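So the protein lines, in turn, are chains S and Y.
Following the working numbering, the numbering of the first sequence begins with 121 at its first residue and continues without gaps.
Following the working numbering, the numbering of the second sequence begins with 121 at its first residue and continues without gaps.
Notes to accompany the following structure.
2 protein chains.
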Amino acid sequence: MKSLKVIPFGGLGEIGKNMLALEWQDSILIIDSGLMFPDENMHGVDIVIPDYEYLKKKKKNIEGIVITHGHEDHIGALPYIAPDLEAPIFGTALSMGLVSVKLKNKKAFDPNQIHVVEPGEEFNLGPFSVTLFRVNHSIPDAAGIIIKTPIGKIIHTGDFKIDHTPVDGNPTDFHRIAEAGDSGVLLLLSDSTYADTPGYTPSEEIVGRNLDRFIGEAPGRVIVASFASLISRIQQVANAAHHHNRKLGIIGRSMVDNVRLASEMGYLNIPKGTLLSDKELRSHPPESTVIMTTGAQGEPTSALVRMANRRHPQVKIKPDDTVIVSSNPIPGNETAVARTIDSLFKIGANVLYSRIEQVHVRGHASQEELKLILRLTKPKFFIPVHGDYRHLVHHSRLAQSVGIQKSDIFVMSDGDVLEIKSHDSAKIIDNIPLQNNYVEGGLSGQVTNQMLRDRSNLSKEGVVSISIALDEITGALVGNPEINSKGLINIESSQELFEETYTIIENIIEKFSNKEDLDYLEKAISEEVSNFLLKSTKRRPTVITTTIEL
Amino acid sequence: MKSLKVIPFGGLGEIGKNMLALEWQDSILIIDSGLMFPDENMHGVDIVIPDYEYLKKKKKNIEGIVITHGHEDHIGALPYIAPDLEAPIFGTALSMGLVSVKLKNKKAFDPNQIHVVEPGEEFNLGPFSVTLFRVNHSIPDAAGIIIKTPIGKIIHTGDFKIDHTPVDGNPTDFHRIAEAGDSGVLLLLSDSTYADTPGYTPSEEIVGRNLDRFIGEAPGRVIVASFASLISRIQQVANAAHHHNRKLGIIGRSMVDNVRLASEMGYLNIPKGTLLSDKELRSHPPESTVIMTTGAQGEPTSALVRMANRRHPQVKIKPDDTVIVSSNPIPGNETAVARTIDSLFKIGANVLYSRIEQVHVRGHASQEELKLILRLTKPKFFIPVHGDYRHLVHHSRLAQSVGIQKSDIFVMSDGDVLEIKSHDSAKIIDNIPLQNNYVEGGLSGQVTNQMLRDRSNLSKEGVVSISIALDEITGALVGNPEINSKGLINIESSQELFEETYTIIENIIEKFSNKEDLDYLEKAISEEVSNFLLKSTKRRPTVITTTIEL
Chain S
121 MKSLKVIPFG GLGEIGKNML ALEWQDSILI IDSGLMFPDE NMHGVDIVIP DYEYLKKKKK
181 NIEGIVITHG HEDHIGALPY IAPDLEAPIF GTALSMGLVS VKLKNKKAFD PNQIHVVEPG
241 EEFNLGPFSV TLFRVNHSIP DAAGIIIKTP IGKIIHTGDF KIDHTPVDGN PTDFHRIAEA
301 GDSGVLLLLS DSTYADTPGY TPSEEIVGRN LDRFIGEAPG RVIVASFASL ISRIQQVANA
361 AHHHNRKLGI IGRSMVDNVR LASEMGYLNI PKGTLLSDKE LRSHPPESTV IMTTGAQGEP
421 TSALVRMANR RHPQVKIKPD DTVIVSSNPI PGNETAVART IDSLFKIGAN VLYSRIEQVH
481 VRGHASQEEL KLILRLTKPK FFIPVHGDYR HLVHHSRLAQ SVGIQKSDIF VMSDGDVLEI
541 KSHDSAKIID NIPLQNNYVE GGLSGQVTNQ MLRDRSNLSK EGVVSISIAL DEITGALVGN
601 PEINSKGLIN IESSQELFEE TYTIIENIIE KFSNKEDLDY LEKAISEEVS NFLLKSTKRR
661 PTVITTTIEL
Chain Y
121 MKSLKVIPFG GLGEIGKNML ALEWQDSILI IDSGLMFPDE NMHGVDIVIP DYEYLKKKKK
181 NIEGIVITHG HEDHIGALPY IAPDLEAPIF GTALSMGLVS VKLKNKKAFD PNQIHVVEPG
241 EEFNLGPFSV TLFRVNHSIP DAAGIIIKTP IGKIIHTGDF KIDHTPVDGN PTDFHRIAEA
301 GDSGVLLLLS DSTYADTPGY TPSEEIVGRN LDRFIGEAPG RVIVASFASL ISRIQQVANA
361 AHHHNRKLGI IGRSMVDNVR LASEMGYLNI PKGTLLSDKE LRSHPPESTV IMTTGAQGEP
421 TSALVRMANR RHPQVKIKPD DTVIVSSNPI PGNETAVART IDSLFKIGAN VLYSRIEQVH
481 VRGHASQEEL KLILRLTKPK FFIPVHGDYR HLVHHSRLAQ SVGIQKSDIF VMSDGDVLEI
541 KSHDSAKIID NIPLQNNYVE GGLSGQVTNQ MLRDRSNLSK EGVVSISIAL DEITGALVGN
601 PEINSKGLIN IESSQELFEE TYTIIENIIE KFSNKEDLDY LEKAISEEVS NFLLKSTKRR
661 PTVITTTIEL
């Protein structure tokens, strides 16, 4: 019997956030292809991308990759995955613009694979008939997806919220959603990011009003930090600057790039004469200047953080400056953001941030909006996506509260395979084991879990490196063992400690008769030294023993 | 001219949180002696304690250490500092009970140095006359301090909030504060933790009502996680358990210890017959069991986290269980707490946490309470203490809003020395440079900033250990160089990479004529290999080169 399979990829607990596949017979449709940021245990890792081995093996079956919107967690894995899968990519104009920028330096990728589709325009990908519909989110041109499959209609909301007064004037397309709901929806997949937050997410309008007020009241220069992709926020700041006869400078590579792209494509309309060049910015009077920049998440190399640490080549924060941190800290970034705000206050700037003033609103729907979507679509089956596990559980409860059967709701883990045979039959039949795919220095698949464990041990208690030279024939020690360390102990105290270590090493070598097995000897030395150091320093550094045979 | 000096110690940006000194001529009074938790860059460090070198040098001048309350960030450095300073310690009964427990294994410390004082009881420490007064906080027996000095009265609030219906029935002592204010206050030092939070902090009463309701409604076992020192929360849970005919088990070493101490001292009154022994807990029916435990901050080795990871020897979480996480994440712990909640949901438990239900209230005053204290005390000078820099700035603004002159408010940094000569003269005259004092494996002062930088580098990109043997006379290479690595590259790929590295090493040794300077050779090899690895792997691991001379 033919069946539809739904498989979320991704990882780090955010189900279906970064990539999701629909599979019908020999056809696969992929939704999004995003990256994840490493957690605090993934030392040295730049980003994490989904494990796409399953899809790579079925590469010839892939009909296309449909992108909901242009945020990194939805398109950021494309530079690694797209050249490999060689599938066409579909999405709205701005999303495809951002994808093109990402892929332009990838020689293995054919730019003709990128296809702009209009919301409302239906297109076919094998057995799937696909229509995008507008949703509000913290980037313009965000879309949900309606997918007609041979056994029924699927709606994927993408990341969304409901904003009746969005900056770009394009509200979430209720009519398309309602129409789909009216004609019967087999499966809904809906954004769960704020499923534990009661009520409604406020409109961007309130942020616009507040930014206008703060920029109007500021005695000196105003610096607004936000996400580089938050085009609507840039628009609001540009409008407010213009309103108060100020000029706007943009600082930060990614924001400058996005402003250019969004302006060219008509998603950003900075009033004429408002934008300052880098050179003009240098000499423009502070009290009529607004600077828009990156770093609202406290990213160490961002413009705002360098300003806060007095290390920005161009902008020196002064006591008269007003800094508006226009974002909420993403979980994990709280301390970095707080530290940045503290540093700015220390230099004397006045800092406005979301805890004390409404200078940001969330980009995702709250509980009442989620219920509205559930009511409008009336799906038979429901999969909460895009959230930590607790958010999926709360979204599942919301769905039950509006009448969806508990047995028709699937709180899935990444790699789970949900098989839908008909309106009466859906179940999780398999789990594809997924590995985190670590990217470091622009290369994927080079970092293993063992390497991360090694790094974690190294970070905690440092490393001791032992070198010994042995006679190849007799196995006897030649010369003296040498010991080096990093991160374990300060140089002054190390002398005495290592004296004892020499004796331990020499004793083991003396006992050691089976000279064939160097590995065993090295392991024995590492272990005994490790035990000794634990006893004497209460720390257990990584011990590396190296033997030179002479 | 005689003058009073106020010097906050501490660090990590929390001014005067962990230790503060008042100095008059040859007399020093210390307030609190707490620890700080390391930030994410302090790899391997267990805790950080204040730099007390300045105080150690003036040891003979120290009249006493006055403790405001028994939290770790106020008493946790005593095991390291108290035996060194040999000063008497003063505080309320529970605070001194907790201090005694901390110091009991310190042979160098004389237990007769611990002095219990009653709130309201005046005692003299050199030129200072000291009276404690009750405040509400998230531990019983918390106190503020009134200190009469030769030039005027100082009030230090300690950590506080205003709770008209606290669990222990002892509200903040307004009368004492008002009386002091009426007779003139030279200097106020007040808790700034929530100075950026409008309104009032809710009473503990609301948490008690909610816990009672959730425990009453729970279908199966209830597990409540909180801080080990939050005695009032344990009291509320015990009351609710008793009310619903459930028995209470306590799990977690520190919480068991605190329950015993607080019960013996009369600060905790668990209804008779309610408390289960460990053995009874094992066999008691789940639906009439409540377990109170630690781990509400997602601490990796805590009971709750082990339960969530299915690694707790005694408690296996079941789908019928209700877990109440009765705390707010402390900044920096957000992801650990979220991960714990997710894991509990995954096992099937129902989890209630502060984002979705009011199962915790803050232990610190909000803006309106802070204003009340400022109005009651009417100080001439004001130092906002106990907060990140932004909180101090907000507290300073609150003080200005109730009429304190901006020039009379001192937003200080740790080590700043404020000199007060009279009601008309106060200024910061100096800054004592402070170093973070890292504690690792129970030992303080062993970890240097260089070691932390080494660990940070090791964590990011691993380590490469190079061993070479050289002829002592000719400086020529003997045998082959050996290379080992951890955390840089997986074993399979390392072969090829290291082949090239051998050549680099051999070339440097050949060029190397000045065999006297081994350090230089080792440095040259480390640097060239590092550059090569950066080019070929895009990573820059720590390279350790060790030479054996033969």
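Built from N, CA and C at the ideal position, the CB exists for glycine as well.
The model shown is predicted, which means the values in this text are computed figures rather than measured ones.
Asked	Found
Residue from Y/530, Y/355 and Y/500 whose Cα sits closest to the Cα of residue 466 of chain S	Y/530
Residues in the stretch 568-588 of chain Y having any Cβ partner in chain S nearer than 9 Å	568, 570, 571, 572, 573, 574, 575, 576, 577, 578, 579, 580, 581, 582, 583, 585, 586, 587 and 588
Contacts of residue 137 of chain Y in chain S (Cβ-Cβ under 7 Å)	The contacting residues do not exist; residue 137 of chain Y stays about 14 Å from chain S at best.
Reference residue 250 of chain S; option with closest CA among S/312, S/187, S/646 and S/516	S/187
Residue-chain proximity (residue 333 of chain S, chain Y), Cβ-Cβ < 8 Å	no
Burial state of residue 216 of chain Y, where buried means 16 or more other Cβ atoms lie within 10 Å	buried
Nearest-angstrom Cβ-Cβ length linking residue 287 of chain S and residue 352 of chain S, presumed shorter than 8 Å	4 Å
Chain-ordered chain S contacts of residue 604 of chain Y [CB-CB under 7 Å]	664 and 666
Bridge-paired residues (DSSP) for residue 473 of chain Y	Y/445
The stretch 281-296 of chain Y in contact with the stretch 321-331 of chain Y per 3-pair CB rule at 8 Å	yes
Beta strand (DSSP E) segment containing residue 532 of chain Y, residue limits	First-last for residue 532 of chain Y: undefined, no H or E at that position.
Of the listed residues S/335, S/422 and S/609, nearest to residue 444 of chain S (C-alpha basis)	S/335
Extent of the continuous beta strand (DSSP E) run through residue 193 of chain Y	Taken as a continuous stretch (DSSP letters only), residue 193 of chain Y belongs to no beta strand (DSSP E), being part of the alpha helix (DSSP H) at 192-195.
N-terminal and C-terminal residue of the beta strand (DSSP E) that residue 557 of chain S is part of	557-560
Expected contact under 8 Å - CB spacing of residue 223 of chain Y and residue 198 of chain Y to nearest Å	6 Å
Within the stretch 293-343 of chain S, ranges of the beta strand (DSSP E) (whole runs, at least 3 residues)	305-311
Cβ-Cβ distance between residue 560 of chain Y and residue 659 of chain S below 8 Å	yes
With 16 other Cβ atoms within 10 Å as the buried cut-off, status of residue 295 of chain S	exposed
Test: residue 339 of chain S CB closer than 8 Å to a CB of chain Y	no
Sequence-distant residues of its chain with Cβ nearer than 6 Å to residue 521 of chain S (five each side left out)	none
Below-8 Å beta-carbon distance, residue 269 of chain S vs any chain Y residue	no
Enclosing beta strand (DSSP E) for residue 666 of chain S [first to last residue]	662-669
Interface partners of residue 610 of chain S on chain Y, CB under 9 Å	566, 567, 568, 570 and 571
Length of the line joining the Cα atoms of residue 365 of chain Y and residue 271 of chain S	53 Å
DSSP state of residue 142 of chain Y mapped onto helix, strand, coil	strand
Own chain residues within Cβ distance below 7 Å of residue 316 of chain S, not counting five before or after	510, 511 and 514
Where residue 513 of chain Y meets chain S, residues with beta-carbon distance less than 7 Å	465
Beta strand (DSSP E) segments (min. 3 residues) lying fully within the stretch 345-418 of chain Y	367-371 and 409-413
Of the residues Y/433, Y/441, Y/395 and Y/460, the one placed nearest residue 420 of chain Y, counting alpha carbons only	Y/460
Residue 328 of chain Y versus residue 488 of chain Y - alpha carbon distance	23 Å
Residue 264 of chain S: first and last residue of the uninterrupted beta strand (DSSP E) it sits in	263-269
Endpoints, alpha helix (DSSP H) assigned at residue 199 of chain S	198-205
Per-residue burial, residue 473 of chain S [other beta carbons within 10 Å of its own, 16 or more giving buried]	buried
Beta-ladder partner(s) of residue 426 of chain Y, from DSSP	DSSP output for residue 426 of chain Y lists no bridge partner at all.
Extent of the continuous beta strand (DSSP E) run through residue 242 of chain S	242-245
Chain Y contact for residue 657 of chain S (CB, 8 Å cutoff)	yes
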